[in-house]
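Undergrad: By the numbering used here, the letter at position 86 of the sequence shown is numbered 86, and the numbering carries on one by one without gaps.
Just so you know, even glycine gets a beta-carbon here, dropped at the ideal spot from N, CA and C.
Everything numeric in this text was worked out from a predicted model, so none of it was measured.
Got a structure here, written out as structure tokens. Questions coming.
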Amino acid sequence: MSEYVSICEVGPRDGLQIAKTRMTTDDKIAWIDSLAAAGIPEIEVGSFVPPRVIPQLSDTPEIVARILAKNPCWVLQVLAPNLRGAQNAYNAGVHKIAMPISVSEGHSKANLNRTPADSIAMMRDVMGWMKEQDRHVPVIVGASTAFGCSIDGVVTTRQTVALCKGLVDAGVEHIMLADTVGYAHPAQVREVVRAVRSEIGPAVYGLHLHDTCGLGIANALAGLEEGIRAFDSCLAGLGGCPYAPGASGNVVTEDLVFMLESMGFTTGIDIPKLFEARALLHAGLPAEPLSGQLPKAGIPPTFRKAA
Ligand code: ZN
Numbered sequence: 001m002s003e004y005v006s007i008c009e010v011g012p013r014d015g016l017q018i019a020k021t022r023m024t025t026d027d028k029i030a031w032i033d034s035l036a037a038a039g040i041p042e043i044e045v046g047s048f049v050p051p052r053v054i055p056q057l058s059d060t061p062e063i064v065a066r067i068l069a070k071n072p073c074w075v076l077q078v079l080a081p082n083l084r085g086a087q088n089a090y091n092a093g094v095h096k097i098a099m100p101i102s103v104s105e106g107h108s109k110a111n112l113n114r115t116p117a118d119s120i121a122m123m124r125d126v127m128g129w130m131k132e133q134d135r136h137v138p139v140i141v142g143a144s145t146a147f148g149c150s151i152d153g154v155v156t157t158r159q160t161v162a163l164c165k166g167l168v169d170a171g172v173e174h175i176m177l178a179d180t181v182g183y184a185h186p187a188q189v190r191e192v193v194r195a196v197r198s199e200i201g202p203a204v205y206g207l208h209l210h211d212t213c214g215l216g217i218a219n220a221l222a223g224l225e226e227g228i229r230a231f232d233s234c235l236a237g238l239g240g241c242p243y244a245p246g247a248s249g250n251v252v253t254e255d256l257v258f259m260l261e262s263m264g265f266t267t268g269i270d271i272p273k274l275f276e277a278r279a280l281l282h283a284g285l286p287a288e289p290l291s292g293q294l295p296k297a298g299i300p301p302t303f304r305k306a307a
């Protein structure tokens, strides 16, 4: 049996938040349905932030309600910036909640208007509140700027380890190491994954990688070789961070799935159907440039899906 790698498609959230044009709610739902039809097991469909902060995602509550009404057989995740957002997401019935907590002071203040220490205290409240609820909804904390910051510059491994340790002490169970601005390189990915894991063990959940400098796939491979089995990615490499100047898109889902399946890791994802989802994305956002090598090259005749 091949080993399974879990992909969370974050295009409808990370991808759309800085898109120059807006996708209609109906187009978003059609696109999300096509991503699910391609076999993507987890999809981050939006963000429970105040509508004025990210207008592109202001329809998230409606998207969540309409999708949950169809009883999806995949995991519906949303992002929440604070306790209130997490409570709203929980009450909306989502399956999983992602919460970004910055390692670097500068990104933390710009993105979340608080210090990393304040964020750790906040996560203690969030995890405490979650424990009191009837339904178990996993919370994945994205340790943003874990590999570098466009505002503060260098982020040391020690800083990232310290934040992750603080989060785990506050009750957090799953941490996604996030290269929010895409400055990481493979040797650094190895170093940070090892250092954080030696401090917090299996709470290291996965990697969220951006392709700013073209190393997204190389960084994913480094993580894979370090035993990481969960990745965020974006169809067509959409994405960025409104508070991280210079950040470009996420690692491309199509390319990542191709690499994993070619190497013998199962993802449950069908690449031709991903191309169909890509066409729907283009139909909904015609002005947005789409990245990805595999879609340009086509699937090579030598390709075999992992069995
Ligand atoms: Zn991101």
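What's the gap between the Cα of A178 and the Cα of V193?
TA: Roughly 11 Å between the two C-alpha positions.
Undergrad: Quick one: is A121 buried, meaning 16 or more other Cβ sit within 10 Å of its Cβ, or exposed?
TA: It is exposed - the Cβ of A121 has fewer than 16 other Cβ atoms within 10 Å.
Undergrad: Take every Cβ of the region 286-297, pair it with every Cβ of the region 25-36, and state whether three or more of those distances are shorter than 8 Å.
TA: No, the region 286-297 is not in contact with the region 25-36.
Undergrad: Could you check whether the Cβ of D211 sits closer than 8 Å to any heavy atom belonging to the ligand ZN?
TA: No, since every heavy atom of the ligand ZN falls outside the 8 Å radius drawn around the Cβ of D211.
Undergrad: Is it true that the CB of I43 sits closer than 9 Å to the CB of L79?
TA: Not closer than 9 Å, so no.
Undergrad: Report yes if the C-beta distance between Q56 and L16 is below 9 Å; otherwise report no.
TA: It is a contact, given that the beta carbons lie within the stated cut-off.
Undergrad: Enumerate in chain order the residues of its own chain whose CB-to-CB distance from L280 is below 7 Å, with the five nearest sequence positions on each side excluded.
TA: The answer, listed in chain order, is A30, W31 and S34.
Undergrad: Can you name, in chain order, every residue of its own chain whose Cβ lies under 8 Å from the Cβ of P72, other than the five neighbours on each side?
TA: Contacts found: A36.
Undergrad: So what's I228 in DSSP terms, helix, strand or just coil?
TA: It is coil, neither helix nor strand.
Undergrad: Given a cut-off of 9 Å on the beta-carbon distance, is the pair L238 and D14 in contact?
TA: In this structure, D14 lies closer than 9 Å to L238 by Cβ.
Undergrad: Y4 and R158: beta carbons closer than 9 Å?
TA: Cβ atoms of Y4 and R158: not closer than 9 Å.
Undergrad: Between Q133 and N250, what straight-line distance do the alpha-carbon atoms span, to the nearest angstrom?
TA: The straight-line gap from Cα to Cα measures roughly 33 Å.
Undergrad: Report back the beta-carbon spacing between V103 and A146 to the nearest angstrom; my notes put them in contact at under 8 Å.
TA: Right, their Cβ atoms sit about 5 Å apart.
Undergrad: Can you tell me whether N91 is buried or exposed, with buried defined as 16 or more other CB within 10 angstroms of its CB?
TA: Label assigned to N91: exposed.
Undergrad: The beta strand (DSSP E) spanning Y205 covers which residue range?
TA: Segment V204 to L209, the beta strand (DSSP E) holding Y205.
Undergrad: On the DSSP letters alone, give me the boundaries of the alpha helix (DSSP H) that G284 sits inside.
TA: Note, G284: alpha helix (DSSP H), I271 to G284.
Undergrad: Look at the alpha carbon of L260 and the alpha carbon of W74, and state the distance between them as a whole number of angstroms.
TA: Whole-angstrom Cα-Cα distance: 20 Å.
Undergrad: In angstroms with no decimal places, state the Cα-to-Cα distance between G142 and P300.
TA: One C-alpha to the other measures close to 34 Å.
Undergrad: Hey, how far is the Cα of G201 from the Cα of V168?
TA: Taking the straight line from one Cα to the other gives about 10 Å.
Undergrad: For Q188, collect the residues of the same chain with a Cβ closer than 7 Å to its Cβ; drop the 5 residues on either side in sequence, then sort them by chain order.
TA: So the qualifying residues of the chain are F147.
Undergrad: What number of angstroms, rounded off, separates the C-alpha of M123 from the C-alpha of M99?
TA: Each residue's Cα considered, the two are about 9 Å apart.
Undergrad: Rounded to a whole number of angstroms, what is the C-alpha to C-alpha distance between P12 and T180?
TA: So the two alpha carbons sit approximately 16 Å from each other.
Undergrad: With DSSP as the reference, label I175 as helix, strand or coil.
TA: Residue state, collapsed to three classes: strand.
Undergrad: Any idea if A38 is buried or exposed, counting beta-carbon neighbours within 10 angstroms, 16 or more meaning buried?
TA: It counts as buried.
Undergrad: For E226, which residues from the same chain have a beta carbon less than 6 Å from its beta carbon, with the 5 sequence-adjacent residues on both sides left out?
TA: Cβ neighbours of E226 beyond the five flanking positions: R190 and V193.
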